[in-house]
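Residue numbers (this note's numbering), protein chains in the order written: chain D, 2 to 338; chain A, 255 to 572.
C-beta: ideal position from N, C-alpha, C; glycine also.
1) In the structure shown, what three-state DSSP assignment does residue 468(A) receive?
2) Flag this pair as yes or no: are the beta carbons of residue 21(D) and residue 110(D) separated by less than 8 Å?
3) Going along the chain, which unbroken runs of the alpha helix (DSSP H) with 4 or more residues stay wholly within the region 93–129 of chain D?
4) 8 Å is my cut-off, CB to CB: does residue 276(A) come that close to chain D?
5) Which chain D residues sit within Cβ distance under 8 Å of residue 412(A)?
6) Under 7 Å between beta-carbons, which chain A residues line up against residue 301(D)? List them in chain order, please.
7) Is the CB of residue 269(D) under 8 Å away from at least one CB in chain A?
8) In whole angstroms, what is the alpha-carbon distance linking residue 280(D) and residue 239(D)?
9) Who are the near neighbours of residue 557(A) in its chain, counting only those whose CB is closer than 7 Å to its CB and skipping five residues on each side?
10) Residues of the region 427–449 of chain A with a CB closer than 7 Å to any CB of chain D: list them in chain order, please.
11) Could you give the residue range of the alpha helix (DSSP H) that holds residue 141(D)?
12) Check distances from the C-beta atoms of the region 229–258 of chain D to those of chain A and list, in chain order, the residues that come in under 7 Å.
13) Going by DSSP, name the residue or residues bridged to residue 12(D).
14) Taking 8 Å as the threshold, find out whether the region 521–533 of chain A comes into contact with the region 269–277 of chain A through three or more Cβ pairs.
15) How long is the line joining the alpha carbons of residue 499(A) and residue 480(A), rounded to whole angstroms?
16) Short check: CB of residue 1(D) to CB of residue 105(D), under 8 Å?
17) Measure the alpha-carbon distance for residue 380(A) versus residue 360(A) and round it to whole angstroms.
18) Is there contact between the region 217–232 of chain D and the region 501–513 of chain A, where contact requires at least three CB pairs shorter than 8 Å?
19) Tell me whether residue 292(A) is buried or exposed, calling it buried when 16 or more other Cβ atoms sit within 10 Å of its Cβ.
20) Rounded to whole angstroms, what's the CA-CA distance from residue 135(D) to residue 525(A)? Just pull it up for me.
21) For a test of the three-state rule: what should DSSP assign to residue 60(D), helix, strand or coil?
22) Check whether the Cβ of residue 337(D) lies closer than 8 Å to any Cβ atom in chain A.
23) For residue 499(A), list the residues DSSP reports as bridge partners.
24) To which residues of the same chain is residue 6(D) closer than 8 Å at the C-beta, ignoring the five residues directly before and after it?
25) With a cut-off of 8 Å, does the C-beta of residue 518(A) fall near any C-beta of chain D?
26) So residue 306(A) packs on residue 463(A), CB below 8 Å; how close in whole Å?
27) Measuring alpha carbon to alpha carbon, tell me which residue in 117(D), 192(D), 214(D) and 245(D) is nearest residue 12(D).
28) Leaving aside the five residues before and after residue 138(D) along the sequence, list all residues of the same chain whose C-beta is less than 6 Å from its C-beta, in chain order.
29) Our contact map puts residue 355(A) next to residue 420(A) with C-beta atoms below 8 Å; I'd like the distance itself, whole angstroms only.
30) Please list, in chain order, all residues of the same chain as residue 413(A) whose beta carbon is under 8 Å from its beta carbon, the five residues on each side excluded.
31) Taking just the CA atoms, how far does residue 439(A) sit from residue 415(A)?
32) For a contact meaning CB atoms closer than 7 Å, what does residue 298(A) contact in chain D?
33) Here's the rule: buried if 16 or more other CB atoms are within 10 angstroms of the residue's CB, otherwise exposed. What is residue 512(A)?
34) Can you pull the chain D residues whose beta carbon is under 9 Å from the beta carbon of residue 407(A), in chain order?
35) Please go through the same chain and pick out, in chain order, the residues whose beta-carbon is closer than 7 Å to the beta-carbon of residue 592(A), but skip the five residues on each side of it.
36) Please compile the residues from chain D whose C-beta is within a distance smaller than 7 Å of the C-beta of residue 468(A).
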């Protein structure tokens with residue numbers, strides 16, 4: 002554990018999160034491992050319902066309980082067990098050590114408070130500083146994200162979507178967190194504004210050396226900002242590796258399907274190869290490999306045996322039976338198409 | 255000219271707001287050939303959806319002409335419009351909001367058939383609904399389910415089946431895949447392409463996603479604040495973007511490939527207000543090449559080379 006202190010900002014082991022609902026137990030996260038080295042950015046990629054946001058909320062211990070419950074695993078933040086903290090201690094960690102940027106800038110700001118006051122509130126919660134000093138600091142932070150300081154007395158509705166997201170970024174970074182969780186931070190924004198915001202986040206991160214967990218479904222954004230990538234499907238990590246591992250030697254059929262679903266901007270003649278079927282119902286996950294009903298290489302064994310994690314290289318991990326010995330599953334070609 | 259299905263001339267749609275007149279669509283002109291797809295791209299508030307709706311008269315145009323198979327849609331009587339609507343359909347962006355939650359799948363898809371009294375009896379209509387469901391890849395067992403029981407992809411398929419019910423010639427697809435996950439998005443895009451091929455449909459495809467529009471369209475029209483800034487074939491637009499806005503827009507797309515750290519043109523500021531716009535190029539306040547003239551004179555949409563239209567005073571110079 003000692004070496005983790007230095008190396009990893011975040012280390013998640015075997016995390017499991019479940020939600021008890023009237024329709025049954027939703028198994029949102031099913032034993033995932035994630036780690037982020039200091040100053041690095043990890044991309045967590047997956048579609049709606051993969052469990053990405055639940056994972057993020059677990060790190061802040063904000064999974065709504067009930068109905069949600071973290072049923073297993075550990076989360077280590079800078080060498081300390083996150084589940085050992087009291088609720089009071091968690092409050093000081095949120096915002097100062099770990100902060101989060103949410104997807105929708107329209108709903109994550111308080112509409113009846115000026116943006117300056119909202120940022121100052123965060124500062125005052127974590128630092129011993131008077132109102133006036135906090136407001137000054139808030140103004141400086143707004144300037145840093147490219148908003149004129151004199152607009153700190155305005156309300157969220159007076160800002161555009163891109164500006165609101167900048168306010169949220171300012172708020173998230175004002176206490177110099179060690180880990181920034183960004184949950185689809187640019188999904189609600191137009192492309193030119195998205196480019197501005199990504200550029201800004203990148204610059205600020207370099208300046209402060211913040212580690213980041215970037216949750217997204219956009220592989221284009223991943224290619225641009227991340228160092229490592231984890232691909233998540235139905236509450237499990239199906240493939241993990243460096244950018245090169247994932248983009249150059251794509252190994253899991255689901256990852257392959259994700260790439261096949263994206264129109265190729267350089268070759269418009271190329272046909273899209275979508276993944277057939279739908280995300281599985283999380284209250285009734287398929288047996289064996291959870292991806293098997295949609296996998297074109299699926300063999301009988303995939304229906305019953307849960308794939309273990311196979312190490313393809315020091316950095317590249319994959320959970321697919323095709324990479325385990327003696328399973329008889331092979332990839333490549335067009336399967337049964 | 256070849257077989258022109260849709261001919262839009264000087265289409266304008268203004269909205270009166272408490273703060274002044276909002277120029278949502280300002281002088282849009284284009285033609286669209288039968289069986290082709292025109293992609294309309296631009297950012298929020300550029301007027302792309304309003305253009306689509308004004309063509310179908312879901313928004314009554316302020317002025318301008320829309321010729322559909324030679325007939326001016328803006329001038330026809332309500333009776334005739336009713337008939338024309340069966341030929342011109344729309345697929346909406348949000349499959350969660352565009353379906354009546356109190357109707358079953360078969361009622362939703364059968365609604366246009368019922369309204370136009372296409373079939374003599376319920377049995378015939380039901381058979382037609384099942385046929386349509388098969389066409390869009392919806393399994394028959396879903397016929398009596400309600401929209402809330404279905405996921406986004408299936409809901410969008412219902413919207414497509416409903417649009418196809420009257421065998422239209424022309425469909426406005428208003429961000430049909432924006433609300434869907436990538437793997438589902440690809441399924442729907444392939445379905446729309448297949449249908450176009452099989453039924454000879456003509457599409458206007460409205461989207462903010464440039465890689466999707468490139469994949470899907472024959473021609474692309476880029477809009478900015480109610481104006482068309484560039485219009486060309488997809489190949490041309492992506493290979494030789496001419497308008498500074500198009501260039502910035504294309505450079506802003508995050509490409510899912512490594513080692514392509516391309517030079518990104520970061521635009522200054524944000525889209526300005528479309529309310530009572532001043533004369534001059536509407537993109538000028540954000541344009542890195544803007545000169546005094548750009549703030550004084552509105553650039554016309556000119557045909558720079560055959561089939562490539564650009565609205566910029568200095569388009570040849572950079």
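With the structure as the only source:
1) helix
2) no
3) 116–127
4) no
5) Those within 8 Å of residue 412(A) in chain D number zero; the least Cβ separation is about 15 Å.
6) Those do not exist, as residue 301(D) stays about 24 Å from chain A at its closest Cβ, beyond 7 Å.
7) yes
8) 14 Å
9) 563
10) 435, 436, 437, 439, 440, 441, 443 and 444
11) 132–145
12) 244, 245, 248, 249 and 258
13) 36(D) and 77(D)
14) yes
15) Approximately 14 Å, taken between the alpha carbons.
16) This structure cannot settle anything about residue 1(D), because the visible part of chain D is limited to 2 through 338.
17) For the pair residue 380(A) and residue 360(A), the Cα-to-Cα distance works out to about 7 Å.
18) yes
19) Buried, because 16 or more other Cβ atoms sit within 10 Å of the Cβ of residue 292(A).
20) 31 Å
21) helix
22) For residue 337(D), the predicted structure reports a pLDDT of 41, less than 50, and the residue's modelled location is therefore unreliable. A value from the coordinates is still provided. Chain A, which has no Cβ nearer than 8 Å to the Cβ of residue 337(D), makes this no.
23) According to DSSP, residue 499(A) bridges with nothing at all.
24) Interpretation of residue 6(D) is limited by its pLDDT of 48, a score under 50 that renders its predicted location unreliable; the figure taken from the coordinates is listed afterwards. Cβ neighbours of residue 6(D) beyond the five flanking positions: 79 and 80.
25) yes
26) Not really, about 16 Å apart at Cβ, beyond 8 Å.
27) Checking every option, the nearest Cα to that of residue 12(D) belongs to 214(D).
28) 124
29) Wrong, their Cβ atoms sit about 23 Å apart, outside the cutoff.
30) 345, 346, 349, 352, 353 and 430.
31) 16 Å
32) 191
33) exposed
34) 279
35) Here chain A comprises residues numbered 255 to 572, so residue 592(A) is not present and cannot be evaluated.
36) Within 7 Å Cβ-Cβ: 264, 266 and 269.
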